[in-house]
Amino acid sequence: MSALRTTLLRNSPNHFRSLSTLRPLALKANSPIKLPLASQSLRFLNTTPAVFINPSRSVGDGGPDDIPHHGVNVDKKSRMDFQPPPEPGADFNVVMIGAGNIMFGSDEGPWNHSFRFEHKLGPRLKVTALIDPSTARAEQVLEGKRQSFVESAYKDTKVFKTIDDYHTYLEDKNEADPDAIVVGCPPAYRGGTTKGTDLEMNLIKLFPKTAYFVEKPVGTGTVQAAKEVTQHLINNGNIVSVGYMLRYLRCVQKMKQIIHENNLTVMATNARYSCAYEAIAKPAWWNKAIDMGPVIEQGTHFCDLSRYFGGDVDIDSVVARSVEFYEKPGQLSKIPVDESKIPEELRIPRLTSAVWKYSNGAVGSFTHAVALQGHAYACEIEVWADGYLMRLVDPYNAPTLYVRRPGDDHEERHVYTDDDPFFSEVSSFIDCIEGGPDAHILSSFEDATKTYELTWAIRLASEAARVPPS
């Protein structure tokens, strides 16, 4: 997850509305209105009008052809404090795999799956097991939960080192399988077919009817192994959601809505991700053998958004270039780890730039830069179509969408301050299990594997084109 600091949940309650700088309505020819000269160039700031959309139907894939009705209603507030209280009902049993930051939160950002499940399910939530090899860490986070207002969800939680130990316990006690399993362990332990990397394969064997929520990326092994896991999940028929939460941003869904309503064909996507490397003090991140490099570990969200708008990628068309550590432009002044301890062949590139063709003929491009200092990242994605340019800026901190349409050279500005894509993805996942009103999964395991394939293609293409040190 790196040291990206986000503020999706830190907005003032006095600004809970969605704002759009809209184009003035066209005036009828028979009812002219004369405006003072000084006001003729003014833009108009209005609250986005409500658009009533029927509840989404459950879909198995979040690809580019899904119409907005299959995604998040852009006019529905998604932040947790805007949701109605959870309705009473039967217990909803959840197993959590991984007792780390993605599951229980940290100061680095708003990721905290347990927090979202608590707010979605209320007193119905029962975390029956927490799986983590570090049982001491697991007991520590549970103790904190048991001292809080959500104590009822965790008071009977059992800690196990492995999922096999938990399954044996259930059989001995003759207890029912959980309703959902949330996978938040490091990707090195999942997405593969060999022992130690085959978590999903093991889950299918032990809990074949359970729904799985899996963090991204889908693994760290080969793309072929991830595809094999995908096929097993498809054949087994599990409900599976992968945590590409940026798809659930209301700004992103607004872009999808514009594309659908105007029957647009995307011409190109251009994504840029500039991290603040000075704050990334995790040695594994700087080692391609562990975290697989910044495009696979970090840039994956923007490669995924690119595919979300552009569609399937012609993998053979991917070309890429990089700036390496031994080249003059790649000499960084504030690396927070001792890079001399990392073998030279495993040190990460400082910049990677890639171009590819989508299957429909459109062009995609992506640049990842290890260049900024401080803490703030600079991230944005642009989507072009005939007459349209949509530009999503700062999706992690303050998502803002700029839209230029035909007939107007000015840009609309859309800001939603009442958004929480982390909650939206969890809420949608649970609705898929229970047949709720917003039963849509925007990132299936199959689709996430295609993103994984793209990030590997970019890394391999850039390495193949490297200029060796002189």
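This note's numbering applies: residue 186 is where the sequence shown begins, and numbers increase by one.
By construction, the Cβ of each residue, glycine as well, lies at the ideal position given by its N, Cα and C atoms.
Coil, strand or helix - residue i by DSSP
i, result
"Glu619", "helix"
"Lys473", "coil"
"Lys401", "coil"
"Trp296", "coil"
"Leu388", "helix"
"Tyr374", "helix"
"Arg309", "helix"
"Lys261", "coil"
"Val522", "coil"
"Glu303", "helix"
"Ile500", "helix"
"Lys380", "coil"
"Lys346", "coil"
"Ser291", "strand"
"Lys441", "helix"
"Ile366", "strand"
"Arg590", "coil"
"Phe551", "strand"
Under 8 Å between C-beta atoms of residue i and residue j
i, j, result
"Ala453", "Trp641", "no"
"Leu639", "Met440", "no"
"Val522", "Cys460", "no"
"Glu631", "Tyr433", "no"
"Thr347", "Ile316", "yes"
"Ile520", "Tyr458", "no"
"Val279", "Phe302", "yes"
"Thr634", "Ala373", "no"
"Gly290", "Phe300", "yes"
"Leu574", "His553", "no"
"Ser647", "Ser507", "yes"
"Pro479", "Ile566", "no"
"Tyr429", "Ser628", "yes"
"Val147", "Leu645", "In the structure as shown, the chain starts at 186 and stops at 655, and residue 147 therefore has no counterpart that could be examined."
Euclidean distance between Cα positions of residue i and residue j
i, j, result
"Met354", "Thr342", "The sequence as given places Tyr at residue 354; Met does not occur at that position. One C-alpha to the other measures close to 13 Å."
"Lys330", "Ile366", "19 Å"
"Asn387", "Lys473", "27 Å"
"Asp497", "His486", "15 Å"
"Tyr601", "Ile527", "42 Å"
"Asp349", "Pro270", "35 Å"
"Ile615", "Val312", "14 Å"
"Thr407", "Ser525", "28 Å"
"Asp357", "Thr405", "34 Å"
"Phe510", "Phe398", "37 Å"
"Leu310", "Arg590", "45 Å"
"Val504", "Glu385", "32 Å"
"Asp604", "Asp623", "16 Å"
"Tyr637", "Lys340", "38 Å"
"Pro606", "Ala456", "19 Å"
"Tyr562", "Glu360", "47 Å"
"Pro209", "Arg598", "The predicted model places Pro209 with a pLDDT of 34, which falls under 50 and marks its position as unreliable, so this point remains unresolved."
"His298", "Ser337", "17 Å"
"Ile481", "Asp276", "38 Å"
"Ile424", "Trp296", "22 Å"
"Met477", "Pro273", "44 Å"
"Leu204", "His304", "With a pLDDT of 38 at Leu204, under the threshold of 50, the predicted position of this residue should be treated as unreliable, though the coordinate-derived value follows. Those two C-alpha atoms are separated by around 26 Å."
"Phe345", "Ile626", "29 Å"
"Ala469", "Gln483", "13 Å"
"His595", "Ile444", "19 Å"
"Asp501", "Ser333", "52 Å"
"Ala650", "Gly515", "16 Å"
"Glu529", "Leu517", "15 Å"
"Pro402", "Asp499", "20 Å"
"Thr378", "His560", "37 Å"
Classification of residue i by the beta-carbon crowding that lies within 10 angstroms, buried from 16 upward
i, result
"Asp593", "exposed"
"Thr395", "buried"
"Asp364", "buried"
"Gly466", "It is worth fixing the name first, because residue 466 is Ala in this sequence and not Gly. Flag for Ala466 reads exposed."
"Lys513", "exposed"
"Thr415", "buried"
"Lys380", "exposed"
"Asp571", "exposed"
"Gly549", "buried"
"Asn420", "exposed"
"Glu321", "The sequence as given places Ala at residue 321; Glu does not occur at that position. It is exposed - the Cβ of Ala321 has fewer than 16 other Cβ atoms within 10 Å."
"Phe551", "buried"
"Phe267", "exposed"
"Tyr490", "Note on residue identity: the sequence assigns Leu, not Tyr, to residue 490. Per the 10 Å Cβ criterion, buried."
"Leu531", "exposed"
"Ser613", "buried"
Check whether the stretch 432–448 and the stretch 542–549 are in contact - that is, three or more C-beta pairs closer than 8 Å.
no
Please confirm if the stretch 279–289 is in contact with the stretch 317–331, defined as three or more CB-CB distances below 8 Å between the two stretches.
yes
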